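K.L.:
Our numbering puts the first residue of the sequence shown at 1092, with every later residue one more than the last.
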Amino acid sequence: PEPLVLTSDAGAVRTLSLNRPAALNSFTTEMHGELMAALDLAAGDPQVRCLLLTGAGRAFCAGQDLADPSVAPDPAPGAAPKDLGHVISAYYAPLVARLRSMPVPVVAAVNGVAAGAGANIALCCDLVVAGRSASFIQAFTRIGLVPDTGGTWLLPRLVGSARALGMAMLGDKLPAEEAARIGLIWQCVDDAALPETAAALASKLATMPTRALVATRQAMAAAQGLDLDAALAEEARIQREMGNGGDYREGVEAFRAKRAPVFKDR
Ligand code: T3D
1092 PEPLVLTSDA
1102 GAVRTLSLNR
1112 PAALNSFTTE
1122 MHGELMAALD
1132 LAAGDPQVRC
1142 LLLTGAGRAF
1152 CAGQDLADPS
1162 VAPDPAPGAA
1172 PKDLGHVISA
1182 YYAPLVARLR
1192 SMPVPVVAAV
1202 NGVAAGAGAN
1212 IALCCDLVVA
1222 GRSASFIQAF
1232 TRIGLVPDTG
1242 GTWLLPRLVG
1252 SARALGMAML
1262 GDKLPAEEAA
1272 RIGLIWQCVD
1282 DAALPETAAA
1292 LASKLATMPT
1302 RALVATRQAM
1312 AAAQGLDLDA
1322 ALAEEARIQR
1332 EMGNGGDYRE
1342 GVEAFRAKRA
1352 PVFKDR
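(1) How big is the Cα-Cα spacing for residue 1350 and residue 1109?
(2) Do the segment 1126-1140 and the segment 1156-1175 touch if we need at least three Cβ pairs shorter than 8 Å?
(3) Given the structure, does residue 1239 come close to ligand 1, in the sense that its CB is under 8 Å from one of the ligand's heavy atoms?
(4) Report, in whole angstroms, the separation of the C-beta atoms of residue 1107 and residue 1119, which I expect to be a contact under 8 Å.
(5) Please state if the CB of residue 1332 and the CB of residue 1306 are separated by a distance shorter than 9 Å.
(6) Under the rule that 16 or more other beta-carbon atoms within 10 Å means buried, what is residue 1374, buried or exposed?
(7) Quick one: grab the DSSP three-state call for residue 1197.
(8) Expressed to the nearest angstrom, what Euclidean distance is found between the alpha-carbon atoms of residue 1144 and residue 1127?
(9) Given 8 Å as the limit, tell me if residue 1356 has its C-beta closer than that to any heavy atom belonging to ligand 1.
(10) For ligand 2, list every residue whose C-beta falls under 5 Å from any of its heavy atoms, going in chain order.
(11) What are the boundary residues of the alpha helix (DSSP H) that includes residue 1178?
(12) Along the chain, where does the alpha helix (DSSP H) containing residue 1104 start, and where does it finish?
(13) Roughly how far, in whole angstroms, is the beta-carbon of residue 1262 from the beta-carbon of residue 1212, given that I think they are within contact range, below 8 Å?
(14) Using 9 Å as the threshold, is the C-beta distance between residue 1221 and residue 1162 below it?
(15) Would you kindly work out how many angstroms separate the C-alpha atoms of residue 1181 and residue 1123, rounded to a whole number?
(16) Need the endpoints of the beta strand (DSSP E) that residue 1275 sits in, please.
(17) In the DSSP assignment, find the unbroken beta strand (DSSP E) run with residue 1171 in it and report its ends.
(18) Which same chain residues end up closer than 7 Å to residue 1156 when comparing Cβ atoms and leaving out the 5 residues on each side of it in sequence?
(19) Note down the Cα distance separating residue 1352 from residue 1344, rounded to an integer number of angstroms.
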């Protein structure tokens, strides 16, 4: 059978494409399994220095596959409800945790609609670049659910609680251009330019000091829960670690020698 996640390498950039285009790359448990395995493989591969996540076909990802009998409500009268809490804690929560703990920077190239969990998977990546025809939909309330896959944590942090609540309660389609304008994503580009823009962004990140990039993600997330004094202390702690690393030495040496640095830490 066709893999549900396609893997390809270009230099130090590993691209993973969600590959259920006929169902807009919505998640089945099988696709969860393949994506997690591919992420674990990328995390453990020292050749990989940046991860690029995208979707095959016209969508990025439409969230949970709502035709999946293990999650869709059983129409039979009196049928027991499905345990969506289990679906979230067994599949979507570990996926967010995996993406946010990748030892390399993660770029999402949002090539089309990103709905429900699909939107929040894109938004939990480090840099999100979207094609102009792409859109973000917090589709949850449309079907009687609340934002999951990190949405309640991410959205207010990205765009403030007024916009987060508007997006989450109304569940309207937010075009990529508007998403970039309000700071939900990093960049919106013409559809035709998306593959090369995302690839260039990923290759640039792949040449940068991986360890410092990952520590930057972690420090910024951690600081959300700290007061200023604690955040300053945390910066000092992490900078001590960075200062002991080879990349700092290399960065300064290259600067002083007026040459391009070659970073190796991971
Ligand atoms: O449930 C739990 O376990 C809890 C977990 C929740 C996490 C979640 O993600 S909840 C949110 C689930 N997702 C949605 O509610 C989005 C549903 N999809 C849509 O609203 C629309 O498809 C889109 C707005 C994303 C795109 O609309 P459009 O008009 O461009 O495409 P379409 O015609 O609706 O979809 C094309 C095909 O993809 C169609 O199949 P068909 O008719 O050609 O055979 C459609 O059924 C299929 N598809 C789209 N989204 C899903 C899907 N099939 C299964 N599950 C989907 N989520």
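We treat Cβ as the ideally placed atom computed from N, Cα and C, and that holds for glycine. This one's a predicted model, so the numbers in the text were calculated from it and none came from an experiment.
P.N.:
Per the coordinate set shown:
(1) 39 Å
(2) When Cβ pairs closer than 8 Å are counted between the two stretches, the segment 1126-1140 is seen not to touch the segment 1156-1175, the count staying below three.
(3) yes
(4) Rounded, the Cβ-Cβ distance is 16 Å, inconsistent with contact.
(5) yes
(6) No answer is possible for residue 1374: it lies beyond the span of the chain, which begins at 1092 and ends at 1357.
(7) In this structure, residue 1197 counts as strand in the three-state DSSP scheme.
(8) Taking the straight line joining both Cα atoms gives about 12 Å.
(9) Outside the cutoff, so no.
(10) Looking for ligand 2 in the displayed structure turns up nothing; the ligands present are ligand 1.
(11) Per DSSP, residue 1178 belongs to the alpha helix (DSSP H) from 1175-1178.
(12) Segment 1104-1109 is the beta strand (DSSP E) holding residue 1104; no alpha helix (DSSP H) there.
(13) No, residue 1262 and residue 1212 are not in contact; Cβ-Cβ is about 17 Å, not under 8 Å.
(14) no
(15) Each residue's alpha carbon lies about 10 Å from the other.
(16) Careful: residue 1275 lies outside any beta strand (DSSP E) and carries neither H nor E.
(17) Neither: residue 1171 is in no beta strand (DSSP E) and is coded neither H nor E.
(18) Excluding residues within five positions, the ones whose Cβ falls inside 7 Å are 1114, 1117, 1118 and 1119.
(19) 8 Å
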